[in-house]
Amino acid sequence: DIGPIHTLTQLRELKLSRCASAVTDARVGALSACPHLRVLDLSYCPQFTDKGLLSMSEGVKSLVWLNLSACKIGDEGLGSLLSGNPMLEVLRLSMLCGNECLTDEGLSHGLRWTKRLKEADLSGTRQVGSRSLAAICRYCKELQLLSLAGCVRIGDQDMISLSQSRGVANLRHIDLCGCEDLSAEGVGRFLRAGENLRCVNLNMIPAITEDAIEAMQCDVDNESLMWVYSRSKMTDAKHSGLKLPNAPPPKEKKGGKGKKGKGGGKKGGKKKK
């Protein structure tokens, strides 16, 4: 029974992933009575809507870790919650592709408030486009991990913009699996700018051939970079290959380990002739 949660006014962490039948608008809204809440996981709970988020955002202002993956949320609710939590460091908004009320413009508006963000998982959220990427480039200058797997609207110009942003120097991991419009030219330009990158996932991008990978490896001066790629066609964003390391919620001693790439992908630094 999660009914009396609103009475726990000192609550700091709440994880209700996949508790779909119990997580309703009323119960999400009741969290407004928990002003000290820092870690919140409501992923895979599609029963609540913007109505619950709007109510909750009136009192929840201290979040640093938030997971709303596979939820039925829209621009208004997400924007309200993000604007009230400027200290957010980890944001997971994957698999939101079925939400008609969530748009690229709405995402970009919400992301403008996330200046402290260090990890963003937008994988499988196909609304993500140039506006969202522009907001990331402009506001998320501390970002270290970025997953855009399955974001099919991302193109070369978006990668070029990312390569020119001030935050590119902080990026360590990026997942571009299934971003089908990307070419070796756009990806290569980004990789040359990301001198501190440690892992890039280029799985399931038709234009990224083995020859293109070899050319980029010779052109990118980064011996520490791990490359993961395969030309197999992606049919589901959930099968996106390498997953970015899952940063544990703040102050937790144990966290999940990231999954390593599998299959035919190559890994390794720049090739030497």
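In this note's numbering, the protein residues as written are 11 to 283. Beta carbons are placed, not taken as given, at the ideal position from N, Cα and C, and that holds for glycine. Bear in mind the structure is a predicted one, so any value in this text is a computation, not a measurement.
CA-to-CA distance, R176 to C147, given in whole angstroms: If you number the sequence shown from 1, residue 147 lands on position 137. If you number the sequence shown from 1, residue 176 lands on position 166. So the alpha carbons of these two residues sit roughly 7 Å apart.
Do you know how far the Cα of L143 is from the Cα of G198? The residue given as residue 198 occupies position 188 in the sequence shown. The residue given as residue 143 occupies position 133 in the sequence shown. Straight-line Cα distance between these residues: approximately 17 Å.
In this structure, does DSSP put I8 in helix, strand or coil? No information on residue 8 is available, as it lies outside the stretch 11 to 283 that the chain covers here.
Applying the criterion that 16 or more other CB atoms from any shown protein chain within 10 Å of the CB defines a buried residue, is H46 buried or exposed? Along the sequence shown, one-based indexing puts residue 46 at 36. With a 10 Å radius around the Cβ and a threshold of 16 neighbouring Cβ atoms, H46 comes out exposed.
Enumerate, from N- to C-terminal direction, the unbroken beta strand (DSSP E) stretches of 3 or more residues contained entirely within the region 146–207. The region 146–207 is shown to contain whole beta strand (DSSP E) runs of 3 or more residues at 155–157, 183–185, in chain order.
Give every residue of the same chain whose Cβ lies closer than 6 Å to the Cβ of A159, excluding the five residues on either side of it in the sequence, and list them in chain order. If you number the sequence shown from 1, residue 159 lands on position 149. Non-local beta-carbon contacts of A159 in its own chain, meaning distances under 6 Å to residues more than five positions away in sequence, involve S133, D185, C187, G188, S250 in chain order.
Quick one: using the 10 Å Cβ neighbour count with 16 as the cut-off for buried, is T219 buried or exposed? Counting from 1 along the sequence shown, the entry for residue 219 is found at position 209. Exposed.
Span separating the alpha-carbon of H16 from that of A40: Here residue 16 corresponds to residue number 6 of the sequence shown, with the count starting at 1. Here residue 40 corresponds to residue number 30 of the sequence shown, with the count starting at 1. For the pair H16 and A40, the Cα-to-Cα distance works out to about 5 Å.
Any idea what DSSP makes of V100, helix, strand or coil? Translated into positions along the sequence shown, residue 100 becomes position 90. DSSP places V100 in strand when its eight states are reduced to three.
Residue from S93, M214, P56, E115 whose Cα sits closest to the Cα of R126: Counting from one through the sequence shown, the residue named residue 126 turns up at place 116. Among S93, M214, P56, E115, the Cα nearest to that of R126 is on S93.
Who does L76 pair with in a DSSP beta bridge? Your numbering for residue 76 matches position 66 in the sequence shown. Note: L76 is bridge-paired with L50, L101 in the DSSP secondary-structure output.
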